[in-house]
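Novice:
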Amino acid sequence: MREPVRIELTNDERERLEGMTRSRTLAARLVQRAKMILLSAEGQSQRDIAEVLGCNFKTVGEWQRRWIAAGLEGIEKERPGRGRKSWVVSAVSQELLRKTMEDSPDQATHWSTRRMAKALGIGATTVRKVWKQHGLKPHRIESFKLSNDPLFEEKLVDVVGLYLNPPEHAIVLSVDEKRQIQALDRTQPGLPMKPGRCGTMTHDYKRNGTTTMFAAMNTLTGQIIAECMPKHRHQEWLKFLKRINRETPRNLDLHIICDNYGTHKHPVVQAWLGKHPRFHMHFVPTSSSWLNMVERYFRDITENHIRRGVFRSVDDLERTIQEAVERHNKAPRPYIWTAKATDILAKVIRARASIIDPGISRDLH
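Going by this note's numbering, the first residue of the sequence shown is number 2, and it counts up by one from there.
Printed below as a string of structure tokens:
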């Protein structure tokens, strides 16, 4: 009889192999190989190991040799050339990719795996496989909007400069309104989350009014000045500017970053700003709300406090928002801006060129 293959394991190797055998996520073939090596270390023969694990004894011998030659790496990696070969010929793959990116189906706005499979006479699984290999997802689409502001570059450099190199003896505030926040009450109580099922809430709701959240974020400290008001006219905007004036040190200049909403440039507002020279207004380019850093805070407060909330009145909604702001201000954390104006401008130039001639660039990222 063939002598058992002698394998000696270190404590670390034994712990790693035992961990592999207990894994619930590891591939079954790797779990089996780990058991082979552990049983070999106990001195069992290849045939005994094969009988216990339900495999061929030659398979046991192969993985024993792989372990002796390369240790753990030897049983974790497949040999080159092993496994089922793809039968999709290169010409079919190339046509599939071309059709996906350049053509559209006759009876739909985008390709599905079955539509593409029918058009090319191949299996839907093959289509899915090729799309996955090349990172193609025809069912998804991302929205965008390029700014047509003639002063785009000038405003971009101005705002990004405030983020990356803020002026001395001054406070930079990113300011905006989150308009028409709805106080929504659900028509029925939701069900809590439990193992195997996510939490639920009704698809319909009852509207109980709206509010507008004005917020100014100190880009250096992350501190928030916020107030909810029923409307977002120039009167409310001016009222909020006066609050900023009261709650910031009088000896510091204030650089206000905001969008081009009409109320921000109202003659009454302009007249008040003329009497308060420490206010310096900086407007982001049109269609460039992503450049206003406070929008990031609006996203967080929406995701964490508003979207799944149940509000039986506007007062209930405003109280939730104010409590969220107060908790944030107890341990504020600023959002760090890292993108340079030159890098952003280069992407915008490529995007504009691609819109004029889609063949110039298929991937703006």
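Don't be surprised by glycine CBs; every beta carbon is placed ideally from N, CA and C. None of the values given here were measured: they were computed from a predicted structure.
Please state whether DSSP places Met202 in a helix, a strand or coil.
Specialist: Along the sequence shown, read from residue 1 onward, the residue named residue 202 stands at position 201. Coil.
Novice: Flag Ser175 as yes when its Cβ comes closer than 8 Å to any non-hydrogen atom of the ligand ZN, and as no otherwise.
Specialist: You won't find the ligand ZN in this model; it holds no ligand whatsoever.
Novice: Is the beta carbon of Phe145 sitting closer than 9 Å to the one on Pro286?
Specialist: Along the sequence shown, read from residue 1 onward, the residue named residue 145 stands at position 144. Along the sequence shown, read from residue 1 onward, the residue named residue 286 stands at position 285. Not closer than 9 Å, so no.
Novice: Pull up the CB-CB distance for Glu296 and Asp177, whole angstroms please, since I reckon it's below 8 Å.
Specialist: Translated into positions along the sequence shown, residue 296 becomes position 295. Translated into positions along the sequence shown, residue 177 becomes position 176. Rounded, the Cβ-Cβ distance is 7 Å, consistent with contact.
Novice: Name, in chain order, the residues that DSSP records as bridge partners for Thr211.
Specialist: Here residue 211 corresponds to residue number 210 of the sequence shown, with the count starting at 1. Answer is Gln183, bridged to Thr211.
Novice: Which residue wins for smallest C-alpha separation from Trp273, given the options Thr11, Leu242, Leu174?
Specialist: Counting from one through the sequence shown, the residue named residue 273 turns up at place 272. The option with the nearest alpha carbon to Trp273 is Leu242.
Novice: Which same chain residues end up closer than 6 Å to Val128 when comparing Cβ atoms and leaving out the 5 residues on each side of it in sequence?
Specialist: In the sequence shown, counting from the first residue as 1, residue 128 sits at position 127. Contacts found: Thr114, Met117, Ala118.
Novice: Let me know the alpha helix (DSSP H) ranges lying completely inside the segment 275-359, each 4 residues or longer, listed in chain order.
Specialist: Fully enclosed alpha helix (DSSP H) runs of 4 or longer: 295-302, 315-331, 342-357.
Novice: Please confirm whether Gln33 and Leu10 have their CB atoms less than 9 Å apart.
Specialist: By 1-based counting over the sequence shown, the position of residue 33 is 32. By 1-based counting over the sequence shown, the position of residue 10 is 9. The answer is no: Cβ separation not under 9 Å.
Novice: Among Ile350, Arg66, Thr264, whose alpha-carbon lies nearest the alpha-carbon of His235?
Specialist: In the sequence shown, counting from the first residue as 1, residue 235 sits at position 234. The shortest Cα separation from His235 among Ile350, Arg66, Thr264 belongs to Thr264.
Novice: Count the other CB atoms within 10 Å of the CB of Leu174; is the residue buried (16 or more) or exposed (fewer)?
Specialist: Position 173 of the sequence shown holds residue 174. By the 10 Å Cβ count, Leu174 comes out buried.
Novice: Rounding to the nearest angstrom, what Cα-Cα distance links Leu98 and His233 in this structure?
Specialist: In the sequence shown, the residue the question calls residue 98 occupies position 97. In the sequence shown, the residue the question calls residue 233 occupies position 232. About 49 Å.
Novice: State the CB to CB distance for the pair Tyr164 and Thr220, rounded to an integer number of angstroms; the pair is presumed to be in contact (CB under 8 Å).
Specialist: In the sequence shown, the residue the question calls residue 164 occupies position 163. In the sequence shown, the residue the question calls residue 220 occupies position 219. Right, their Cβ atoms sit about 6 Å apart.
Novice: State whether the segment 190-201 contacts the segment 255-271, with contact taken as three or more CB pairs (one from each stretch) at a distance under 8 Å.
Specialist: Taking 8 Å as the limit for Cβ pairs, the verdict is that the segment 255-271 does not touch the segment 190-201.
Novice: Less than 9 Å between the C-beta atoms of Asn246 and Val315, yes or no?
Specialist: Translated into positions along the sequence shown, residue 246 becomes position 245. Translated into positions along the sequence shown, residue 315 becomes position 314. No, these two residues do not count as a Cβ contact at 9 Å.
Novice: What is the C-beta distance between Ile123 and Val161, in whole angstroms, given that I count them as a contact (C-beta under 8 Å)?
Specialist: For the purposes of this step, residue 123 is taken as the residue at position 122 of the sequence shown. For the purposes of this step, residue 161 is taken as the residue at position 160 of the sequence shown. Actually they are not in contact, since the Cβ atoms of Ile123 and Val161 sit about 48 Å apart, beyond 8 Å.
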